[in-house]
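Shown next, in structure tokens, is the structure this report addresses.
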Amino acid sequence: MNKSEKKIPIAILGATGSVGQKFVQLLANHPWFEVNELCASDKSAGKKYKDAVDWFLPSPFPERVGEILVQKCEPKLKSKVVFSGLDSNVAGEIEAEFAKAGYKVISNSKNHRMDEDVPLLIPEVNPDHLELIKTQRYGEGCIVTNPNCSVIGLVLALKPLLDNFGLESVNVVTMQAISGAGHPRVVNLDIEDNVIPFIGGEEQKIESEPLKILGQLNKTEIHFNNFKISAQCNRVNVTDGHTECVQVNLKKKVSAEEIIHVWNNYISEPQKLQLPLAPNKPIHYSEDAAFPQPKHQRDTDKGMAVSIGRLRKDKIFDFSFVILSHNTVRGAAGGAILCAELMKAKGII
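Residues are numbered in the working numbering as their position in the sequence shown, beginning at 1, plus a constant of 141.
Encoded structure:
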């Protein structure tokens, strides 16, 4: 964006929740977008944001945004670009109403992810899927979604393998941070000295969403990929950062050195376009067998990169490795903002 251009006014739906707060934090000083309107539940509507929100992020509260009056989640806003951090219990209908009213909706919620005409977008992986917007029945409006927080890190690691060597099957076991469960003062988790081996609906998302993202766009529809994925999901006592232990079978026989090479050299449209929130490198591989670790690498490259380590030959699969991604930055608000940046660069917004 040229210095003479004005920032694009945006609104945030579900602004007081955990994802909504992350949107506010990441957009507070964004070079292209300006937080103009905030929406939340009826009980928050009419209050200044600073009085309606239970701010729990460690960063300072953005004072300018704090003075904005919270509105109801109704399509009566001046801002035509809307980021949704709504709870899935209400997101589906509200997002559709906004799209029908001509708003560009970029959603972090699960409700529309698997709709056949909605892009399930990771900008480095499937930017061409934005073509699906043309098939939506929303007129000037549209809905674009980003994937599940664990899926984003997983697919960023799998994309170079698929492109270069082909994929037959994937097994993944996640160790997911507590921030992925929502607002820490609302969510009740018995996480101290514990591992919770179940996250409702998570395994189904990880087993299905990558097949859409890595599918082929054929004019007005996506032909899903057909490799097999098996997932087991666990909640662990980590603040931020999802760790995933992955095993893969490939279609070609390759060396570990070849895999590391394609990871280290992978770039895509966000890097070529130099989008503001794009990582310089989407993938960072560590030769140190003790890494990746959430405490040390979740913020790599603005929290937008996936860190990978421990690549090794596997006795059942071809290879095993460990990946780490920041679940509330890359896996939620940051990923959605990058989607909007790509849409801006392509003239969609």
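The beta carbon of each residue, even a glycine, is placed where N, CA and C say it ideally should be. Computed from a prediction, not measured in an experiment: that's the story for all the values here.
Environment of residue i [buried if 16+ CB atoms lie within 10 Å]
| i | result |
| --- | --- |
| Leu-330 | exposed |
| Arg-471 | buried |
| Thr-361 | exposed |
| Ser-200 | exposed |
| Arg-205 | exposed |
| Phe-306 | buried |
| Asn-359 | exposed |
| Phe-224 | buried |
| Arg-376 | buried |
| Glu-350 | buried |
| Gln-166 | buried |
| Leu-297 | buried |
| Pro-172 | exposed |
| Leu-198 | exposed |
| Gly-476 | buried |
| Thr-441 | buried |
| Lys-163 | buried |
| Arg-254 | buried |
| Ala-481 | buried |
| Glu-178 | buried |
Within 8 Å, strictly: CB atoms of residue i and residue j
| i | j | result |
| --- | --- | --- |
| Val-311 | Ile-370 | yes |
| Gly-294 | Gly-243 | no |
| Val-395 | Ile-424 | no |
| Val-211 | Ala-237 | no |
| Val-292 | Ile-337 | no |
| Pro-420 | Lys-443 | yes |
| Arg-439 | Gly-382 | yes |
| Leu-168 | Ile-478 | yes |
| Lys-300 | Val-266 | yes |
| Met-484 | Thr-384 | no |
| Ile-209 | Phe-174 | no |
| Val-457 | Leu-302 | What sits at residue 457 in the sequence shown is Ile, not Val. Against a cut-off of 8 Å, the Cβ pair of Leu-302 and Ile-457 comes out as no contact. |
| Asn-107 | Ala-318 | Residue 107 lies beyond the stretch modelled for the chain, which goes from 142 to 490, so this question has no answer here. |
| Asp-183 | Lys-217 | no |
| Phe-202 | Lys-189 | no |
| Gly-342 | Asp-228 | no |
| Leu-414 | Met-445 | no |
Cβ neighbours of residue i in the same chain (closer than 6 Å, five flanking residues each side left out)
| i | result |
| --- | --- |
| Asp-455 | Gln-388, Ser-461 |
| Ala-372 | Val-313, Glu-344, Ile-347, Glu-348 |
| Pro-260 | His-270, Leu-271, Leu-273, Val-285 |
| Asn-378 | Ile-332 |
| His-364 | Gly-356, Gln-357 |
| Asp-256 | none |
Beta-carbon proximity list for residue i, same chain, < 8 Å, skipping 5 on both sides
| i | result |
| --- | --- |
| Ala-240 | Val-246, Gln-277, Tyr-279, Gly-282, Cys-283, Ile-284 |
| Asp-195 | Thr-157, His-324, Arg-326 |
| Pro-449 | For clarity, residue 449 is Ile in the given sequence; the question names Pro instead. Closer than 8 Å at the Cβ level, and outside the excluded window around Ile-449, lie Ala-298, Trp-404, Ile-424, His-425, Tyr-426, Ser-427, Pro-433, Phe-462, Val-463, Ile-464, Leu-465. |
| Pro-264 | Ser-409, Glu-410, Pro-411, Leu-416, Ala-419, Leu-479, Cys-480, Glu-482, Leu-483 |
| Asp-304 | Val-403 |
| Asn-429 | The question names Asn, but residue 429 is Asp in the sequence shown. Same-chain partners within the cutoff: Gly-450. |
| Ser-320 | Ser-159, Thr-380, Asp-381, Asn-468, Thr-469 |
| Asn-335 | Asn-378 |
Whole-number beta carbon distance between residue j and residue i, since they are thought to touch under 8 Å
| i | j | result |
| --- | --- | --- |
| Val-222 | Ile-151 | 5 Å |
| Val-160 | Asn-249 | 5 Å |
| Ile-354 | Pro-288 | 6 Å |
| Gln-416 | Ala-473 | The question names Gln, but residue 416 in the sequence shown is Leu. Not confirmed; about 17 Å, so no contact. |
| Ile-340 | Cys-374 | 5 Å |
Sequence-distant residues of its chain with Cβ nearer than 7 Å to residue i (five each side left out)
| i | result |
| --- | --- |
| Ala-232 | Ser-225, Ser-248, Ser-250, Asn-252 |
| Asp-459 | Val-389, Asn-390, Leu-391 |
| Asn-366 | Leu-352, Leu-355, Gly-356 |
| Glu-309 | Phe-368, Asn-390, Leu-391, Lys-392 |
| Ala-193 | Thr-157, Ala-181, Ser-185, Val-211 |
| Ala-322 | Val-328, Leu-330, Arg-376 |
| Ile-235 | Leu-154, Cys-214, Leu-227 |
| Asp-258 | Leu-273, Thr-276, Gln-277 |
Beta carbon proximity, residue i to chain D, threshold 8 Å
| i | result |
| --- | --- |
| Lys-221 | Judged by its chain identifiers, the structure shown contains no chain D, having just a single protein chain. |
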